[in-house]
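Numbering (the numbering used here), first residue to last: 29 to 364.
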């Protein structure tokens, strides 16, 4: 008798499960598949900067050398308020030194640089936070009221830091987490000039994309050094190119200029894109989704491998090269 009751209970439970599945299927037929919940967003949300004046930066007849090694000479440039400027050139050409000159941390050998005295500058360098490694993350931020503390906690949460993480010692954070902490501190200041030195280093793919979106929405002036050509193509409307020991301002399409380099074009850049030459392509949507899924899986694998190697090592550089190739492939598929 007891066995019969047990079997009846199991049968009723199974019947309920089947009916529940049928109801879900019927709902899908009527309303469609429910959209998945959005990932936790990392909103950088820079405050809108004032847009007074025209030129915010200007350099004339600049020269900088270390001993007999000339970085650049007889170079002039300007940056208008509100422009997004990419700084592009080979390793060791003087890009970081150029930023330090703008920040007053280094000086020119010849020439001059003018920076508007009213400009508030925010700087994200490649260096790590120089703080007591035993400090908690939340203690890195100064707040005078509960309202300010709440704002900081909300911003940290939007950057992916939960209650447990904000109470972790700084010394236990990964390089990527440290970068996000530093970016959070930068966001909390009302800067109208952002100077960013390789801002995408150590960020995962989602954080990279959200950073690009935030910088596109930012209304102040941006100077960014990056080896990520795809970020420069998407973000910048002006380039300062370090070439043959000169700094040259390139107006127009950064995307076209950088793509021209890949195709062996000369640096005498001509503005404009001949869109009429673009060929229309018919691509199977299903195939694109499958390819994107494969690429995203490989991106996740590569990101997991980064932590195994020291930055600057051969293995790390190979991973970084592969990562950029995958990002390019993903963006090309997304644009079709």
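For each residue, glycine too, the CB sits at the ideal point set by N, CA and C.
Answer yes or no: do residue 351 and residue 122 have a C-beta to C-beta separation smaller than 8 angstroms?
-> no
Quick one: grab the DSSP three-state call for residue 152.
-> strand
How do the segment 230-239 and the segment 202-214 stand: do at least 3 beta-carbon pairs fall below 8 angstroms, yes or no?
-> yes
First and last residue of the uninterrupted alpha helix (DSSP H) at residue 185 | 174-186
Taking the alpha carbon of residue 353 as the point to measure from, which residue in 267, 330, 343 has its own alpha carbon closest?
-> 330
Run through DSSP, which three-state label would residue 198 get?
-> helix
State the start and end residues of the unbroken beta strand (DSSP E) segment that holds residue 88.
-> 83-94
Counting along the chain, where does the beta strand (DSSP E) carrying residue 101 start and finish?
-> 97-108
DSSP on residue 73, reduced to helix/strand/coil?
-> Residue confidence for residue 73 is low, a pLDDT of 46 falling below 50, so the modelled location carries little weight and cannot support an answer.
C-beta neighbour in chain D for residue 272, strict 8 angstroms | The displayed structure is made up of one protein chain only, and chain D is not part of it.
Find out if the Cβ-Cβ distance for the pair residue 112, residue 265 is shorter than 8 angstroms.
-> yes
Sort out for me which residues DSSP pairs residue 266 with in a bridge.
-> 113, 279
Cβ neighbour criterion (16 or more within 10 Å) applied to residue 187 = buried
Taking DSSP as the reference, what is the three-state secondary structure of residue 249?
-> strand
Could you tell me which residues DSSP pairs with residue 137 in its beta bridges?
-> DSSP lists no partner for residue 137.
C-alpha distance - residue 302 paired with residue 253, whole-angstrom precision | Caution applies to residue 302, whose pLDDT of 36 falls short of 50 and renders its modelled position unreliable; the value that the coordinates give is listed next. When rounded, the distance between both Cα atoms is 28 angstroms.
Alpha carbon of residue 235 to alpha carbon of residue 101, nearest angstrom | 37 angstroms
Range of the contiguous alpha helix (DSSP H) that encloses residue 215 = 203-216
Near the ligand ZN: residue 219 beta-carbon under 7 angstroms from a heavy atom | This structure lacks the ligand ZN; in fact it carries no ligand of any kind.
Kindly identify the DSSP beta-bridge partner or partners of residue 274.
-> 271
Endpoints, the beta strand (DSSP E) within which residue 129 is located = Run containing residue 129: none in the beta strand (DSSP E); it sits in the alpha helix (DSSP H), 123-130.
Quick one: measure Cβ to Cβ for residue 286 and residue 268, integer angstroms, because I've assumed they're closer than 8 angstroms.
-> That belief does not hold up - the Cβ atoms of residue 286 and residue 268 are roughly 13 angstroms apart, past 8 angstroms.
Spatial distance of residue 91 from residue 126 (CA atoms) = 10 angstroms
In or out: residue 275 buried (at least 16 other Cβ within 10 Å) or exposed?
-> buried
Cβ-based neighbour list, residue 227, same chain, cut-off 6 angstroms, excluding 5 preceding and 5 following = 152
Where does residue 164 fall in DSSP's three states?
-> strand
Can you name, in chain order, every residue of its own chain whose Cβ lies under 8 angstroms from the Cβ of residue 344, other than the five neighbours on each side?
-> 334, 337, 338
How many Å lie between residue 315 and residue 360 at the Cα?
-> 14 angstroms
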